[in-house]
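Visitor: This is the structure I want to talk about, given as C-alpha cells.
Number of protein chains: 2
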Amino acid sequence: MSLIGRLRTNDDALRKRATAVIPGGMYGHQHTALLPPGFPQFFERADGCRIWDVDGNEYVDLLCSFGPIVAGHRHPKVEEAAAAQLARGDCQNGPSPVMVELAELLVERIAHADWAMFAKNGTDATTMCVTIARAATGRRKVLVARGAYHGAAPWCSPRRDGTTLEDRAHLIKYRYNDLASVEEAADRAGDDLAAVLVSPFRHDAGFDQELPDPGFARGVRQLCDRTGAALILDEVRTGFRLNHGGSWEWLGVEPDLAAWSKALANGYPIAAVTGTDSLREAATRPFVTGSFWFSAVPMAAAVANLDVLRDEDGVARMERAGARLRQGLADQASTYGLSINQTGPVQMPYLSFAADEDHERGSVFSVTALEHGAYLHPGHNWFLCTAHGDEDIDRVLTATDAAFAQVRRQFGDG
Amino acid sequence: MSLIGRLRTNDDALRKRATAVIPGGMYGHQHTALLPPGFPQFFERADGCRIWDVDGNEYVDLLCSFGPIVAGHRHPKVEEAAAAQLARGDCQNGPSPVMVELAELLVERIAHADWAMFAKNGTDATTMCVTIARAATGRRKVLVARGAYHGAAPWCSPRRDGTTLEDRAHLIKYRYNDLASVEEAADRAGDDLAAVLVSPFRHDAGFDQELPDPGFARGVRQLCDRTGAALILDEVRTGFRLNHGGSWEWLGVEPDLAAWSKALANGYPIAAVTGTDSLREAATRPFVTGSFWFSAVPMAAAVANLDVLRDEDGVARMERAGARLRQGLADQASTYGLSINQTGPVQMPYLSFAADEDHERGSVFSVTALEHGAYLHPGHNWFLCTAHGDEDIDRVLTATDAAFAQVRRQFGDG
Chain A
1 MSLIGRLRTN
11 DDALRKRATA
21 VIPGGMYGHQ
31 HTALLPPGFP
41 QFFERADGCR
51 IWDVDGNEYV
61 DLLCSFGPIV
71 AGHRHPKVEE
81 AAAAQLARGD
91 CQNGPSPVMV
101 ELAELLVERI
111 AHADWAMFAK
121 NGTDATTMCV
131 TIARAATGRR
141 KVLVARGAYH
151 GAAPWCSPRR
161 DGTTLEDRAH
171 LIKYRYNDLA
181 SVEEAADRAG
191 DDLAAVLVSP
201 FRHDAGFDQE
211 LPDPGFARGV
221 RQLCDRTGAA
231 LILDEVRTGF
241 RLNHGGSWEW
251 LGVEPDLAAW
261 SKALANGYPI
271 AAVTGTDSLR
281 EAATRPFVTG
291 SFWFSAVPMA
301 AAVANLDVLR
311 DEDGVARMER
321 AGARLRQGLA
331 DQASTYGLSI
341 NQTGPVQMPY
351 LSFAADEDHE
361 RGSVFSVTAL
371 EHGAYLHPGH
381 NWFLCTAHGD
391 EDIDRVLTAT
401 DAAFAQVRRQ
411 FGDG
Chain B
415 MSLIGRLRTN
425 DDALRKRATA
435 VIPGGMYGHQ
445 HTALLPPGFP
455 QFFERADGCR
465 IWDVDGNEYV
475 DLLCSFGPIV
485 AGHRHPKVEE
495 AAAAQLARGD
505 CQNGPSPVMV
515 ELAELLVERI
525 AHADWAMFAK
535 NGTDATTMCV
545 TIARAATGRR
555 KVLVARGAYH
565 GAAPWCSPRR
575 DGTTLEDRAH
585 LIKYRYNDLA
595 SVEEAADRAG
605 DDLAAVLVSP
615 FRHDAGFDQE
625 LPDPGFARGV
635 RQLCDRTGAA
645 LILDEVRTGF
655 RLNHGGSWEW
665 LGVEPDLAAW
675 SKALANGYPI
685 AAVTGTDSLR
695 EAATRPFVTG
705 SFWFSAVPMA
715 AAVANLDVLR
725 DEDGVARMER
735 AGARLRQGLA
745 DQASTYGLSI
755 NQTGPVQMPY
765 LSFAADEDHE
775 RGSVFSVTAL
785 EHGAYLHPGH
795 NWFLCTAHGD
805 EDIDRVLTAT
815 DAAFAQVRRQ
825 FGDG
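Line order of the protein sequences matches chains A and B. The first sequence begins at 1 in our numbering and counts up one residue at a time. The second sequence begins at 415 in our numbering and counts up one residue at a time.
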C-alpha cells in the first residue's frame, strides 16, 4: 500500500470554495492552518478507527475527532440507541426520560458525583462550573494553570482577539504540578477565592504532557477544603478514557465539580457538569440553558456509550493498544538513533523529538506518517479508542517507521 | 376527545427520580417551574406538529421545542438527509463537504451574508458576533436592549447568580424601538462603541411583543454607519420563520453580523454567524471552536431544512396557519367578552389578557388549553411550523375555546 503522493484534488477544490464563504476557509481547532502542509481539511467517511478523506485516502485515525470518538466511529450499539431515540423524539418541549437515566448513570459511575447537568460544548461545562462555584461561594477569583486550555469563550480562549481585559479580571494563574504556585495564587485571591480549575493531567497543546504529581493533586484538594473554594476538574479532554469514573479517583482526590464532554457520547454532541451535594443548591441558581441542551438523542448515545465502554472493558483496551503503540514507537526511534519523548497516558499519547523547538522534526514525522496511512497530530495529544486493535496499531507502526526514517534522512540522528 | 384530568403518573415518577440526580430536578428554559402547575416535564415522542408526553397524552405543539422545529418534527426530507450523512460520518477530524455547501446556501439566501461560520448554541453565535465586532473595531462597548434575551452565558444571562460585574462591564442598555435611547447609549460609549446588538422584533419573555419601528431599524443602521460600530442582528429566535433570508430585509436594513440557531436545522443542534466582507478578516482572528461544531449531520439537516422551507413555501404556510389561529382566537375572546392582546408576527404569536399583570388569566388559559390538547406557553411567544394545517389549528381552537370559557368562569369578562 504505497500512499505517497496522495491526491488532494477534491480537498483543494473544497478549500477553494470554502475560502469564498468561510473566513479564512476554516477556523478553530480543526483548521489545517494548525497542521503542517499536506493534511486534508475535509473528510468523507469514518468507520471504527479508520477514516477517509474526500479524495478517498484511508487512514488509521489516531486523533479520534480530537477526542469525541472513544468506542470507534459508528459503534453499532451506540448508533442503535441513538436511532431508536431519534425515531421517538430528539429536540422537544422538555427532556425525554433518558435524561434522568443518564444523570443516574453518571452519579453511579463517578465517585464525587451526587448530581449531573447537561449542555452541548466543553466550554459550556467549564463555564457552568465556574458560575456554580461563584454562586455557591459568593466569591469571584478562579485559579487556572498557565497555558491550560479550558475552552474558547472570551474568559478562557487562548487568543485575546475580540476579548476584553474584564473577561479575565478574576483569573489568577498558577503552574501545573507546582503546589507552592497554587498557594501563592490563593494568597493573592485572599477571601475572594471561588475555585481552583485544574486538568487531570497537563495536556497543553505543543508541549510534552505531564501526569499529575499526587502531592500536587492532594494539596490542591486540601487548599480548597481549607479555603472553602470549589475544586473543579476539567475532564473535557480526559473523561472516560482514563477511567470509567473520574480521572483522579486513582489518586484518592475527588473534585467538587467536574466538566465533561468529548468522549461522553462517542461523537454525539453533549457536555455535562457533575457535582457534590454541597453545591447542589447553588447549581439551581444560575440561568444556564441552550436550545439543544435537552435533546434526547445524544443522551441515549451517551448511556449506550458508557455501557459499551464498561462492557468491553474500554479503558483497558485503550491502554493495551496505547502500550503497544508506545513500545513500537520507542523501538523504532531507538533503531533510527532518534531521541524522542513520549508523554501522557498511553491512551492519550504525545510524541515529540528532542531539540525540536520549532516542531520541524514533528512536522516531517506527522506528514510522512500521514502519507503512509496514519493520521496523527504533531502539536496536540493523540487519542486512542477501543476500536484500535493490534493490526491497526501495527499498521500505524508501519507508517511511523517510514516517518522516523524520513526524519533521520532530513535531520540526522539525535 | 375529553382530555381533562390527564394522567401524570409517569411524569411524576420521573420528576421524583430527576430530583435526586439533577439540581432542582431540571433547569433552564424548559424547566416546568417557569410554567403553571399541570404542564408535563418529560416527553416521549413527537411527529409533525403533534407531541406526546410520557403518560401518552397527545397535544398539538404550539411551542415547537421553543423554536427549533420549523418544518414539523421528523420531517422526512430532513431526516433522510441527516441519516445519509450519518451513515458516512458526523464528528470527524475535520468538516465534511456539506459545511461548504451550507455556508454557500446561507450566503445565497441571506442578503447581507458574504460568509458564514458555525457553532452549536445560540449563545455561541451571539458571543461570536460580539467578539468579532470587538476584534474588528478594537473597541469594547456593546449596546443591548433592556430586557432582551441574547443567551445564557455570564455576559448575557438574565440571572446574575454566579456572574461578576466585569462580565457586563462593557454593555450599555437602550430601549427597543426608541432610537433616542440608542443615540444616548452610543454617546455614553463615545469612541469605544464596538457594536449595537438588536433583535429583529421585541420578544422579551413575559411581555407583549413589539414589531420594529422601521425608523428605529434604519436609525440604528445609520448610527452604526456613522460610528463604525457593527450592527448585530440576533436572529436566533426569528431566523427562517419570518423570511427565507434575513428578518430585516423587508425593512431594507442589513446588519453587519447576524447570529442564527434554533430553526436552522429543524431540531438538529447547530448555530451560525453570518457577516459582511468588511468583517471577514476580523472573523479569522478570535479563537472560537467546539468539539462538535464541525459535525456533519446537523449541517446536512440544515441544508435539507432550508430547501424544504423554500420548496414548501414555508414562511407563507406558517403565516397562513398563524393568521387562522389569530383570527380564531380573536373571535373566541370577543364571544366570551374577554379583552386580549395578540402581538408579534402571526407565526411567532403571543397572547396576553388585559389587566393580567400576574399572568393569572394567562396561566388558567394555558393550563386549560393543555388539558384540552394544545401545548402553548403563558409567558413566552409561541412558534408555528409548516406542519400546522387547518385541521391542527382548528383542534387548537377547540382547546382554546374551552380555555377562554374557563377564564371567563374564573375571572368574569373584561
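The C-beta atom is built at its ideal place from N, Cα and C for all residues, glycine as well.
Starting from Ile-807 (chain B), follow the beta strand (DSSP E) in both directions and report where the run begins and ends.
Guide: Taking the second sequence and counting its residues from 1, the one referred to as residue 807 (chain B) is at position 393. Careful: Ile-807 (chain B) lies outside any beta strand (DSSP E), inside the alpha helix (DSSP H) at 804–825.
Visitor: Short check: CB of Ile-393 (chain A) to CB of Arg-324 (chain A), under 8 Å?
Guide: For the purposes of this step, residue 393 (chain A) is identified with residue 393 of the first sequence, where counting begins at 1. For the purposes of this step, residue 324 (chain A) is identified with residue 324 of the first sequence, where counting begins at 1. Yes.
Visitor: What are the uninterrupted segments assigned as beta strand (DSSP E) that are 3 or more residues long and contained completely in the segment 290–334 of chain A, given in chain order?
Guide: Here no run is fully enclosed.
Visitor: To the nearest angstrom, how far is it from the Cα of Asp-167 (chain A) to the Cα of Lys-141 (chain A)?
Guide: By 1-based counting over the first sequence, the position of residue 167 (chain A) is 167. By 1-based counting over the first sequence, the position of residue 141 (chain A) is 141. Cα to Cα, Asp-167 (chain A) sits roughly 12 Å from Lys-141 (chain A).
Visitor: Just verifying my parser: in three-state terms, what is the DSSP assignment at Thr-698 (chain B)?
Guide: Within the second sequence, numbered from 1, the residue matching residue 698 (chain B) stands at position 284. Coil.
Visitor: Can you find a C-beta in chain A that's less than 8 Å from the C-beta of Phe-654 (chain B)?
Guide: As a working mapping, residue 654 (chain B) is identified with position 240 in the second sequence. Not one chain A Cβ lies under 8 Å of Phe-654 (chain B).
Visitor: Measuring only the C-alpha atoms, how far is Ser-2 (chain A) from Val-407 (chain A)?
Guide: Counting from 1 along the first sequence, the entry for residue 2 (chain A) is found at position 2. Counting from 1 along the first sequence, the entry for residue 407 (chain A) is found at position 407. Here Ser-2 (chain A) scores only 43 on pLDDT, less than 50, and its place in the model should not be relied on; the value that follows carries that caveat. If I take the Cα positions, the gap works out to 18 Å.
Visitor: Looking only at C-alpha atoms, which of B:Asp-475, B:Ser-479, B:Glu-472 and B:Gly-689 sits nearest to Glu-522 (chain B)?
Guide: Residue 522 (chain B) sits at position 108 when you count from the first residue of the second sequence. Here the closest residue by C-alpha is B:Gly-689.
Visitor: Quick test of your reading: Val-514 (chain B) and Ala-18 (chain A), contact by CB under 8 Å. State the CB separation rounded to the nearest angstrom.
Guide: In the second sequence, residue 514 (chain B) corresponds to position 100, counting from 1. In the first sequence, residue 18 (chain A) corresponds to position 18, counting from 1. Confirmed, Cβ separation roughly 5 Å.
Visitor: Please list, in chain order, the residues of the segment 706–721 of chain B that have any C-beta partner in chain A closer than 7 Å.
Guide: Per Cβ criterion, the list reads Phe-706, Trp-707, Phe-708 and Ser-709.
Visitor: Does the distance from the CB of Ser-705 (chain B) to the CB of Asn-10 (chain A) come in under 8 Å?
Guide: On the second sequence, position 291 is the one that residue 705 (chain B) refers to. On the first sequence, position 10 is the one that residue 10 (chain A) refers to. Not a contact, by the Cβ cut-off of 8 Å.
Visitor: Identify, in the order they occur along the chain, each residue of the same chain with its Cβ nearer than 8 Å to the Cβ of Thr-711 (chain B), setting aside the five sequence neighbours on each side.
Guide: Within the second sequence, numbered from 1, the residue matching residue 711 (chain B) stands at position 297. According to the sequence shown, residue 711 (chain B) is Val rather than Thr. Once the five neighbours on either side are set aside, the close Cβ partners of Val-711 (chain B) are Ala-496, Gln-499, Leu-500, Asp-504 and Tyr-682.
Visitor: What residues in the segment 663–683 of chain B have a beta carbon less than 7 Å from any beta carbon of chain A?
Guide: Listed by position along the chain: Ser-675, Lys-676, Gly-681 and Pro-683.
Visitor: Using the beta-carbon count (16 or more within 10 Å), is Glu-785 (chain B) buried or exposed?
Guide: In the second sequence, residue 785 (chain B) corresponds to position 371, counting from 1. Counting Cβ neighbours within 10 Å, Glu-785 (chain B) comes out buried, since at least 16 surround it.
Visitor: Is it a yes or a no for the segment 760–780 of chain B touching the segment 456–464 of chain B, going by three-plus beta-carbon pairs under 8 Å?
Guide: The segment 760–780 of chain B, when compared against the segment 456–464 of chain B, does not touch it at the 8 Å Cβ threshold.
Visitor: Return the chain-ordered list of same chain residues with a C-beta closer than 6 Å to the C-beta of Leu-585 (chain B), the five sequence neighbours on each side being excluded.
Guide: Indexing the second sequence from 1 puts residue 585 (chain B) at position 171. The residues are Val-556 and Val-558.
Visitor: Find out if the Cβ-Cβ distance for the pair Ala-813 (chain B), Gly-787 (chain B) is shorter than 8 Å.
Guide: Numbered from its first residue, the second sequence carries residue 813 (chain B) at position 399. Numbered from its first residue, the second sequence carries residue 787 (chain B) at position 373. It is a contact, given that the beta carbons lie within the stated cut-off.
Visitor: For a contact defined as C-beta to C-beta under 8 Å, what are the partners of Glu-44 (chain A) on chain B?
Guide: Locating residue 44 (chain A) in the first sequence gives position 44, where the first residue counts as 1. Correct list: Arg-502, Gly-503, Ser-510 and Pro-511.
Visitor: Considering just the uninterrupted stretch of the beta strand (DSSP E) at Phe-767 (chain B), what are its terminal residues?
Guide: The residue labelled residue 767 (chain B) in the question sits at position 353 within the second sequence. Looking at the DSSP string, the run of the beta strand (DSSP E) that includes Phe-767 (chain B) is 764–767.
Visitor: Around the C-beta of Thr-368 (chain A), are 16 or more other C-beta atoms found within 10 angstroms, so that it is buried, or is it exposed?
Guide: On the first sequence, position 368 is the one that residue 368 (chain A) refers to. Result: buried.
Visitor: So which residues of chain E does Gln-444 (chain B) contact, with C-beta pairs closer than 8 Å?
Guide: Considering every chain present, this structure includes no chain E. Its protein chains are A and B.
Visitor: Does the CB of Asp-61 (chain A) have a neighbour CB from chain B at under 8 Å?
Guide: As a first step, residue 61 (chain A) must be located in the first sequence, where it is residue number 61. Judged by the 8 Å Cβ criterion, Asp-61 (chain A) is in contact with chain B.
Visitor: Trp-52 (chain A) bridges to which residues according to DSSP?
Guide: For the purposes of this step, residue 52 (chain A) is identified with residue 52 of the first sequence, where counting begins at 1. According to DSSP, which records beta bridges pairwise, Trp-52 (chain A) is partnered with A:Arg-45 and A:Glu-58.
Visitor: Take the Cβ of Gln-222 (chain A) as the centre, count every other Cβ of all protein chains shown within 10 Å, and call the residue buried at 16 or more, exposed below.
Guide: As a position in the first sequence, residue 222 (chain A) is number 222, starting the count at 1. Exposed: under 16 other Cβ atoms inside 10 Å.
Visitor: What residue does the alpha helix (DSSP H) around Ile-232 (chain A) start on, and which one ends it?
Guide: Residue numbering aside, residue 232 (chain A) sits at position 232 when the first sequence is read from its first letter. Not the alpha helix (DSSP H): Ile-232 (chain A) falls in the beta strand (DSSP E), residues 230–234.
Visitor: Tell me where the alpha helix (DSSP H) around Ile-754 (chain B) begins and ends.
Guide: Start at 1 with the first residue of the second sequence, and residue 754 (chain B) comes out as number 340. Careful: Ile-754 (chain B) lies outside any alpha helix (DSSP H), inside the beta strand (DSSP E) at 754–757.
Visitor: What are the boundary residues of the alpha helix (DSSP H) that Thr-577 (chain B) is part of?
Guide: Counting from one through the second sequence, the residue named residue 577 (chain B) turns up at place 163. Taken as a continuous stretch (DSSP letters only), Thr-577 (chain B) belongs to no alpha helix (DSSP H), as it is neither H nor E.
Visitor: One question on the structure: do Tyr-375 (chain A) and Ile-51 (chain A) come within less than 8 Å of each other, judged by their Cβ atoms?
Guide: Mapped onto the first sequence, residue 375 (chain A) falls at position 375. Mapped onto the first sequence, residue 51 (chain A) falls at position 51. Yes, these two residues count as a Cβ contact at 8 Å.
Visitor: Measuring alpha carbon to alpha carbon, tell me which of A:Ala-300, A:Ala-135, A:Thr-127 and A:Asp-204 ends up nearest Val-98 (chain A).
Guide: Start at 1 with the first residue of the first sequence, and residue 98 (chain A) comes out as number 98. It is A:Ala-300 whose Cα lies nearest to the Cα of Val-98 (chain A).
Visitor: Please classify Gly-94 (chain A): does DSSP put it in a helix, a strand, or coil?
Guide: As a first step, residue 94 (chain A) is located in the first sequence; it is residue number 94 there, counting from the start. Looking at Gly-94 (chain A) - three-state DSSP - the assignment turns out to be coil, as it is neither helix nor strand.
Visitor: Does the segment 128–142 of chain A touch the segment 523–532 of chain B, meaning 3 or more C-beta pairs lie closer than 8 Å?
Guide: Judged by Cβ distances under 8 Å, the segment 523–532 of chain B makes no contact with the segment 128–142 of chain A, as fewer than three pairs qualify.
Visitor: Can you tell me which of A:His-29, A:Arg-8, A:Asp-124 and A:Val-60 puts its alpha carbon nearest to the alpha carbon of Trp-293 (chain A)?
Guide: Within the first sequence, numbered from 1, the residue matching residue 293 (chain A) stands at position 293. The shortest Cα separation from Trp-293 (chain A) among A:His-29, A:Arg-8, A:Asp-124 and A:Val-60 belongs to A:Asp-124.
Visitor: Select from the segment 555–582 of chain B all residues with a C-beta closer than 8 Å to any C-beta belonging to chain A, and list them in chain order.
Guide: Those would be Ala-566, Ala-567, Pro-568, Trp-569, Ser-571, Pro-572, Arg-573, Asp-575, Gly-576, Thr-577, Thr-578, Glu-580 and Asp-581, in chain order.
Visitor: Rounded to whole angstroms, what is the Cα-Cα separation between Asp-307 (chain A) and Ala-258 (chain A)?
Guide: Here residue 307 (chain A) refers to the residue found at position 307 of the first sequence. Here residue 258 (chain A) refers to the residue found at position 258 of the first sequence. Cα-Cα distance, rounded: 20 Å.
Visitor: With DSSP as the reference, identify every bridge partner of Gly-252 (chain A), one or two as the case may be.
Guide: The count along the first sequence starts at 1 and reaches residue 252 (chain A) at position 252. DSSP output for Gly-252 (chain A) lists no bridge partner at all.
Visitor: Alpha carbon to alpha carbon, what distance is there between Met-26 (chain A) and Gly-337 (chain A)?
Guide: On the first sequence, position 337 is the one that residue 337 (chain A) refers to. On the first sequence, position 26 is the one that residue 26 (chain A) refers to. Rounded to whole angstroms, Gly-337 (chain A) to Met-26 (chain A) spans 38 Å at the Cα level.
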